[in-house]
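Visitor: Mapped onto this note's numbering, the consecutive letters of the sequence shown carry residue numbers 157 to 591.
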Amino acid sequence: MEQMNLNDATETLRQYKEYIFPSVIPFYDDHPLIVARAKNGYLWDVQGNRYLDFFGGVLTVSVGHCNDEVTDRTVEQLKKVQHTSTLYINELMVRLARKIAVLTPGRLKKCFFTSSGSEANETAILAARMYTGHTDVITLRHAYAGRTMTGMSLTGQGSWRLGGVFDGHIKHVRNPYTYRAPAGLDEEKLLDLCVQDLEESLSAITNGKIAAFMAESIQGVGGFIVLPKDYFKRILPIVREAEGVFICDEVQTGWGRTGTHLCGIEHWGVEPDIMTFAKGMANGSPIGCTIATPEIADAVKGLTFATFGGNPVTMAAALATIEYIEKHNLPENAAIQGALLRNYLEDLKKQHDFIGEARGMGLMQAIEIVEPGTDKRPDATRTKEIINKAREHGLLIGKGGLYGNVVRIAPHLNVTGKEIHDGCDRFARALAEMG
Ligand SMILES: Cc1ncc(COP(=O)(O)O)c(C=O)c1O
């Protein structure tokens, strides 16, 4: 493969800084990775270095880079017809919608397609408000829901809320963050506190009626915070009493990521009224999908339209991705390989006192980095060093959490046991060099 010389790479970086908004910050400070190509679990930079990719473009490359089956079907469609808009009907959109309706839990049935998770969440909030006739929305403090105005308003983490103007009808309640629960509270008492906070919020900052309660079952950008197993069962009766619908954001957790089930929320045994998907649903093609029960979808009356929603090429990519996930039983693989990965992380936690917690489900695993000898004080500096060190060992992993102190590890769903062992060996060597 032809490699870019150092001067070209330096020039690319210089022009990146000149022509791209500075808020779009790549990893690795002054040495960002400039991508040359990628295949299956691996990615190469322009200097020819090969990396095992355990972050998959932020949990988006779900079945491996340039997966042959997905790529072939996407290219085939690209040559047939690329774009028509929803003014005409394309059969792939109908096929995909039907498939999603069959595969998602409960009574979810009608889809609205867009191009991103942010738009999927916008659509969900719109639908909930039009269906219920209420405006207030409740969500969680460590939530991340996108970068549109509604997305940022739904996001509970201050660092991702830009511009200063937000939807004042979106309110954030206490997060069931078990690792950082107030001292002395076990999981059950934390849930009591969350219930109490929700009830107080409903009476203090809403008129008692809400359009929706929205949450991710595992908070992605929040640092893979797994919500306690009884959380939704405790919260949802109160939400329904306030006439709100339950919107589940499956942008990170969807399509087998959490192991065993296709949707993360299925582990909690509750049924959402609206669900949103994006990221891993089309293995890298831009997609957003909002699925709702028929009566909620039918309540969205009037004109609304997304130019690229239902684009035939994206629909082909999504159908190919989902069929690949089904054919290879990847939710099961995610459970098996995720358990292996988690064992490694638990072992590493025993060896390094800066690892406060290992957590996650399936192939969505994380470690939280803290300053040893303190009361779980977050260590964002060390977290960054760990990410950098892993790269030196040929491993790409992610970062997250409100305090920037969570290492996020999310390999492709068809990762092999051999790749998990290899990745974890690299990670162990990187941590051993941390001092
Ligand atoms: C849970 C969740 N919801 C929504 C979004 C927004 O998706 P997008 O970046 O495609 O707009 C993200 C993005 O990271 C996400 O993690």
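Backbone N, C-alpha and C define an ideal beta-carbon position, used for all residues, glycine too.
Please report how far the alpha carbon of G223 lies from the alpha carbon of T362, in whole angstroms.
Guide: Checking the sequence, you will find Asn at residue 223 rather than Gly. Approximately 48 Å between the Cα atoms of the pair.
Visitor: Between R538, G516, E399, which lies nearest to Y287 when the distance is taken from Cα to Cα?
Guide: Minimum Cα distance to Y287 is reached at E399.
Visitor: Return helix, strand or coil for K389, following the three-state DSSP convention.
Guide: Correct three-state label for K389: helix.
Visitor: Could you give the C-beta distance for V219 and Y480, rounded to a whole number, given that I count them as a contact under 8 Å?
Guide: Confirmed, Cβ separation roughly 5 Å.
Visitor: Determine the contact status of G444 and A276, defining contact as a CB-CB distance below 8 Å.
Guide: Their beta carbons are under 8 Å apart, which means G444 touches A276 by this criterion.
Visitor: Can we count R285 as close to ligand 1, meaning its CB is less than 7 Å from some heavy atom?
Guide: Not under cutoff, so the answer is no.
Visitor: Do the region 246 to 255 and the region 404 to 416 touch if we need at least three Cβ pairs shorter than 8 Å?
Guide: As far as the Cβ criterion goes, the region 246 to 255 does not touch the region 404 to 416, which means the pair count is below three.
Visitor: Quick check for students: name the residue ranges of the beta strand (DSSP E) that lie wholly in the region 413 to 488, counting only runs of 3 or more.
Guide: Complete beta strand (DSSP E) runs here, min 3: 430 to 433, 444 to 448.
Visitor: Rounded to whole angstroms, how far is the Cβ of F177 from the Cβ of P567, which I believe are closer than 8 Å?
Guide: Actually they do not touch by this definition, with Cβ atoms about 30 Å apart.
Visitor: Suppose you measure from the CA of E406 to the CA of G425; what does that come to, to the nearest Å?
Guide: Rounded to the nearest angstrom, the two C-alpha atoms are 15 Å apart.
Visitor: Could you give the distance in angstroms between the alpha-carbon of D156 and the alpha-carbon of L346?
Guide: Any property of residue 156 remains undetermined from this structure, which presents the chain solely from 157 to 591.
Visitor: What does A514 pair with, by DSSP beta-bridge criteria?
Guide: Beta-bridge pairing links A514 to I523.
Visitor: Look up W316 in the DSSP assignment and say whether it is helix, strand or coil.
Guide: DSSP places W316 in helix when its eight states are reduced to three.
Visitor: Can you confirm whether the region 470 to 486 touches the region 455 to 462 when touching is taken to mean that 3 or more C-beta pairs between the two stretches lie within less than 8 Å?
Guide: Short answer: they don't touch.
Visitor: When DSSP builds the beta bridges, which residues end up paired with P534?
Guide: Answer by DSSP bridge pairing, in chain order: V526.
Visitor: Quick check on this structure: which residue in A367, G573, P528 has the alpha carbon closest to the alpha carbon of D292?
Guide: When only C-alpha atoms are compared, the closest one is A367.
Visitor: Mapping the DSSP letters down to three states, classify Q238 as helix, strand or coil.
Guide: Here Q238 sits in coil by DSSP.
Visitor: How many Å lie between N570 and G516 at the Cα?
Guide: Approximately 18 Å, taken between the alpha carbons.
Visitor: With a CB to CB cut of under 8 Å and the five nearest residues on each side skipped, what residues in its chain are close to Y198?
Guide: Excluding residues within five positions, the ones whose Cβ falls inside 8 Å are R206, Y207, L208, D209, H221.
Visitor: Between E488 and ligand 1, is the CB less than 7 Å from at least one heavy atom?
Guide: No, ligand 1 has no heavy atom inside 7 Å of this Cβ.
Visitor: Could you round the C-beta distance between A476 and E167 to whole angstroms and report it? I think they count as a contact, below 8 Å.
Guide: Actually they do not touch by this definition, with Cβ atoms about 37 Å apart.
Visitor: Report buried or exposed for R538, applying the criterion of at least 16 other Cβ atoms within 10 angstroms of its Cβ.
Guide: Result: buried.
Visitor: Quickly, what does DSSP pair G556 with across the bridge? List them, please.
Guide: According to DSSP, which records beta bridges pairwise, G556 is partnered with V562.
Visitor: Kindly identify the DSSP beta-bridge partner or partners of N544.
Guide: Per DSSP, none; premise fails for N544.
Visitor: Taking all protein chains shown into account, do 16 or more other C-beta atoms lie within 10 angstroms of the C-beta of Q507, making it buried, or fewer, making it exposed?
Guide: Result: exposed.
Visitor: From what residue to what residue does the beta strand (DSSP E) around L208 run?
Guide: Taken as a continuous stretch (DSSP letters only), the beta strand (DSSP E) holding L208 covers 206 to 209.
Visitor: Between A455 and H239, what straight-line distance do the alpha-carbon atoms span, to the nearest angstrom?
Guide: Cα-Cα distance, rounded: 28 Å.
Visitor: Within 10 angstroms of its Cβ, does Y333 collect 16 or more other Cβ (buried), or is it exposed?
Guide: Classification of Y333: buried, given that the 10 Å Cβ count is 16 or more.
Visitor: In angstroms with no decimal places, state the Cα-to-Cα distance between V202 and D164.
Guide: Taking the straight line joining both Cα atoms gives about 9 Å.
Visitor: Enumerate in chain order the residues of its own chain whose CB-to-CB distance from F464 is below 6 Å, with the five nearest sequence positions on each side excluded.
Guide: So the qualifying residues of the chain are S271.
Visitor: For G440, which residues of its own chain have a beta-carbon under 7 Å away from its beta-carbon, when the five flanking residues on both sides are left out?
Guide: Result list for G440: G213, T216, V217, in chain order.
Visitor: Taking the alpha-carbon of I421 as reference, which of S373, T432, T449 has the nearest alpha-carbon?
Guide: Checking every option, the nearest Cα to that of I421 belongs to S373.
Visitor: Just mark Y184 as buried or exposed, buried being the case when its beta carbon has 16 or more other beta carbons within 10 Å.
Guide: Classification for Y184: exposed.
Visitor: Measure the CB-CB distance between H298 and I381 and report whether it falls below 8 Å.
Guide: Their beta carbons are under 8 Å apart, which means H298 touches I381 by this criterion.
Visitor: Excluding the five sequence neighbours on either side, which residues of its own chain have a C-beta within less than 8 Å of the C-beta of E502, listed in chain order?
Guide: Closer than 8 Å at Cβ, skipping near neighbours: A514.
Visitor: What's the call for G319, buried or exposed, on a 16-neighbour Cβ count within 10 Å?
Guide: Label assigned to G319: exposed.
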